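Notes follow once the structure below has been shown.
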Amino acid sequence: MQVYWVETENFRLLAGQKVEFSPGINVITGENAQGKTTLLEAVYLLTGARSFRTSFDRELIAFEADSAFVGGAVRAADRDQKIELRLLRGRTRQMKRNGVRSTPAQMRDALKAILFSPDDLGMVRGPAAARRRLMDAAISQLRPGYGALLADYNRVYENKLRILKDWREKPSLLEPLDDFSRSLAAYSARLIRYRASFARLLCEAAAPIHREFSAGQEELSIGYATVSTVADPAAPEREIFDAVWERQNQLRQAELDAGSCLVGAHKDDLTIAINGVDARSFASQGQARTAALSVKLAERDIFLDDTGEMPVLLLDDVLSELDAARQEFVLNHIGGGQTLVTCCEAESVSRLLSGRVLHMEKGRVTG
Ligand SMILES: Nc1ncnc2c1ncn2[C@@H]1O[C@H](COP(=O)(O)OP(=O)(O)OP(=O)(O)O)[C@@H](O)[C@H]1O
Ligand SMILES: [Mg+2]
Numbered sequence: 006m007q008v009y010w011v012e013t014e015n016f017r018l019l020a021g022q023k024v025e026f027s028p029g030i031n032v033i034t035g036e037n038a039q040g041k042t043t044l045l046e047a048v049y050l051l052t053g054a055r056s057f058r059t060s061f062d063r064e065l066i067a068f069e070a071d072s073a074f075v076g077g078a079v080r081a082a083d084r085d086q087k088i089e090l091r092l093l094r095g096r097t098r099q100m101k102r103n104g105v106r107s108t109p110a111q112m113r114d115a116l117k118a119i120l121f122s123p124d125d126l127g128m129v130r131g132p133a134a135a136r137r138r139l140m141d142a143a144i145s146q147l148r149p150g151y152g153a154l155l156a157d158y159n160r161v162y163e164n165k166l167r168i169l170k171d172w173r174e175k176p177s178l179l180e181p182l183d184d185f186s187r188s189l190a191a192y193s194a195r196l197i198r199y200r201a202s203f204a205r206l207l208c209e210a211a212a213p214i215h216r217e218f219s220a221g222q223e224e225l226s227i228g229y230a231t232v233s234t235v236a237d238p239a240a241p242e243r244e245i246f247d248a249v250w251e252r253q254n255q256l257r258q259a260e261l262d263a264g265s266c267l268v269g270a271h272k273d274d275l276t277i278a279i280n281g282v283d284a285r286s287f288a289s290q291g292q293a294r295t296a297a298l299s300v301k302l303a304e305r306d307i308f309l310d311d312t313g314e315m316p317v318l319l320l321d322d323v324l325s326e327l328d329a330a331r332q333e334f335v336l337n338h339i340g341g342g343q344t345l346v347t348c349c350e351a352e353s354v355s356r357l358l359s360g361r362v363l364h365m366e367k368g369r370v371t372g
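See the structure below:
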């Protein structure tokens, strides 16, 4: 997959400009607040019409303007495609794919991009929710049906939670509790199998990347943590259901006392270790960044294996906090597909062996 160019008009601070990208590595440099992340955001908008910074169109429109435009030409699914979005203040946006008006769902598969932003650091050191989000977003892209399964799970979870919170005021609520627990166990069993298989793929793909990244010094391992009674998360669905159900029964009273759901796939996590040590507690800033980036690159490889297409890689601010060798790796060894990477220091760019440098000043690419 490839972005040939992106064109913006009144998109945040970006000047009306058409910016072309090379098919390999593109480094976007510039001082703070010059529009580097915004340029990535414009490209990201071509991949499903969503921003990674806001869900409000009004924030994307330049302060003084009534509308903004983002358009671009991309190559995906072996054909050239044109994407156009017009964002209007106070009105519904207009979207076109190949000149034809499109719905958000039709925009979604136009282009696939893997984004790494400073927020992704939370993936390694932050709470489990960030790692579940990563798993769920990636599996939803790869397996049709997973998104619907997750939505079903969340619906049952919300129902059960309401019972556990309100049963004291309204004891009749307790009647359907076991039915909801049973459904939660059934949906958990299906989610657990998907996630266990994804975690295994992620570990296999991320470990060699991280090893190369750290010049052979660090061994990354990723595991999958789920309901404690599930001995084998890849076991047949029935077996997993029985194990989750058993745990639910063990903690039935505790759930009633606590007023919360203590058992199920909503508590799953990915365990990340570097050289056998838990990364969440002990990784340095640079190690956490390296591990998060290895995971993102692994996601790109898994997507490539599955679909035959290499997603576009958007890296916002990954170079800071990496030592010279790791920066070198990012700039020169993550080839194979198109990459857009932002950075502040011109010094980092001198490590770039080939590729294009775009320098930004006041919302404009100047060279
Ligand atoms: N809707 C908008 N209209 C005009 N300007 C905006 C709008 N939204 C954000 N900005 C401005 O854009 C600037 C930030 O741009 P951006 O995040 O792209 O910078 P950056 O080059 O990535 O900076 P850094 O190196 O600090 O990450 C801010 O100064 C902000 O005020
Ligand atoms: Mg930025």
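Read in order, the letters of the sequence shown correspond to residues 6 to 372 in the working numbering.
The C-beta atom is built at its ideal place from N, Cα and C for all residues, glycine as well.
Everything numeric in this text was worked out from a predicted model, so none of it was measured.
Under the three-state reduction of DSSP, Asp-114 is assigned to coil, being neither helix nor strand.
Close CB contacts of His-271 within its chain, under the 7 Å cut and outside five residues either way in sequence, are with Tyr-162 (chain order). Distance between Tyr-9 and Asn-37, taken at the CA atoms: about 26 Å. For Asn-31, DSSP records a beta bridge to Leu-345, Arg-361. Residues whose Cβ lies closer than 7 Å to any heavy atom of ligand 2, listed in chain order: Lys-41, Thr-42, Asp-321, Asp-322, Thr-347. DSSP places Val-161 inside the alpha helix (DSSP H), whose first and last residues are 151 to 171. For Ser-299, DSSP assigns no beta-bridge partner whatsoever.
For the 9 Å CB-CB criterion, Asp-322 and Cys-348 form a contact.
Two segments are said to touch when three or more pairs of C-beta atoms, one from each, lie closer than 8 Å; by this definition the segment 74 to 90 does not touch the segment 144 to 153. The residue among Lys-101, Pro-213, Phe-26 with its C-alpha nearest the C-alpha of Arg-361 is Phe-26.
Taking Thr-108 as the centre and dropping the five residues before and after it, the same chain places the C-beta of Met-100 closer than 8 Å to its C-beta, in chain order. Put simply, the backbone Cα of His-364 is about 16 Å away from that of Leu-319. The residues His-364, Met-365, in chain order, have a CB closer than 8 Å to that of Thr-371 in the same chain once the five nearest residues on each side in sequence are set aside. At a threshold of 8 Å, Gly-291 does not count as near ligand 1, since its beta carbon sits no closer than that to any of the ligand's heavy atoms. If you ignore the 5 residues before and after Arg-369, its C-beta comes within less than 8 Å of the C-beta of Leu-19, Ala-20, Gln-22, Gly-40, all in its own chain and listed in chain order. With 16 or more other Cβ atoms from the protein chains shown falling within 10 Å of its own Cβ, Ser-122 counts as buried.
Taking a contact as a CB-CB distance under 8 Å, the pair Phe-57 and Tyr-49 counts as one, their CB atoms being some 6 Å apart. When rounded, the separation of the alpha-carbon atoms in Ser-289 and Ser-219 is 13 Å.
Contact between Ala-190 and Phe-246 holds, since their C-beta atoms are separated by about 5 Å, short of 8 Å.
For Val-129, the uninterrupted alpha helix (DSSP H) run begins and ends at 127 to 130, by DSSP.
Here Gly-313 carries a coil assignment [DSSP, helix/strand/coil]. In this structure, Ile-245 has its CB at a distance of at least 8 Å from all heavy atoms of ligand 1. Using a Cβ distance threshold of 9 Å, Leu-44 and Leu-327 do not count as a contacting pair.
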